[in-house]
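A.B. asks: Pasting in a structure now, in structure tokens, and then I'll have a few things to ask.
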Amino acid sequence: MENVESRVIVDSNILINFLRGKKEDVELIRALSVEKILGTTDINAFELYYGAYKSSKQNEELAGAKGLLNSLFLVSTTEDSMEMAGKIVATLEKKGKSIEMRDLFIGAICLTNSFPLLTKNKKHFENIEGLVLV
Numbered sequence: 595m596e597n598v599e600s601r602v603i604v605d606s607n608i609l610i611n612f613l614r615g616k617k618e619d620v621e622l623i624r625a626l627s628v629e630k631i632l633g634t635t636d637i638n639a640f641e642l643y644y645g646a647y648k649s650s651k652q653n654e655e656l657a658g659a660k661g662l663l664n665s666l667f668l669v670s671t672t673e674d675s676m677e678m679a680g681k682i683v684a685t686l687e688k689k690g691k692s693i694e695m696r697d698l699f700i701g702a703i704c705l706t707n708s709f710p711l712l713t714k715n716k717k718h719f720e721n722i723e724g725l726v727l728v
């Protein structure tokens, strides 16, 4: 079995750009997949499906989302990750900071499982102490 260091969680923004064929992100995913095992969270999967169902090209978008998600390992929420999310948001609130709930859950899942997060929205996650951003 692969070790944790060989795995990376890919955030929705990069997955969406990949599906849209944005060259920079297509090349990033292809290059990274040679050396790492790529995955995503159930929250990111929700975001892909949500976008697909909102699209005027619903069937095409759903097929793309399903195909991409089938090529990644999926990490789901657990009681431990939800406890971590509670701890993170309480800590941030004490500091007068806020975080969007989906980003909170994604960060907590990554932190609980010791997976780094590949994202283009580093600002969304930078206040989560201990989370490794790629």
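One rule links them: number in the numbering used here = place in the sequence shown (from 1) + 594. From the three backbone atoms N, C-alpha and C, an ideal C-beta is built for every residue, glycine too.
#1: So is residue 635 buried or exposed if we call it buried at 16+ other beta carbons inside 10 Å?
#2: Using a Cβ-Cβ distance under 8 angstroms, would residue 668 count as near chain D?
#3: Under the three-state reduction of DSSP, which class applies to residue 595: helix, strand or coil?
#4: Taking the alpha helix (DSSP H) that residue 666 belongs to, which residues open and close that run?
#5: Residue 705 and residue 722 look like a contact to me (Cβ under 8 angstroms); what is the Cβ gap, rounded to whole Å?
C.D. replies: To lay it out plainly:
#1: buried
#2: Of the protein chains in this structure there is only one, and it is not chain D.
#3: Low per-residue confidence applies at residue 595: pLDDT is 46, beneath 50, and the placement is therefore not dependable, though the value from the model is reported in the following sentence. Residue 595: coil per DSSP, three-state reduction.
#4: Here residue 666 belongs to no alpha helix (DSSP H), and DSSP marks it neither H nor E.
#5: 7 angstroms
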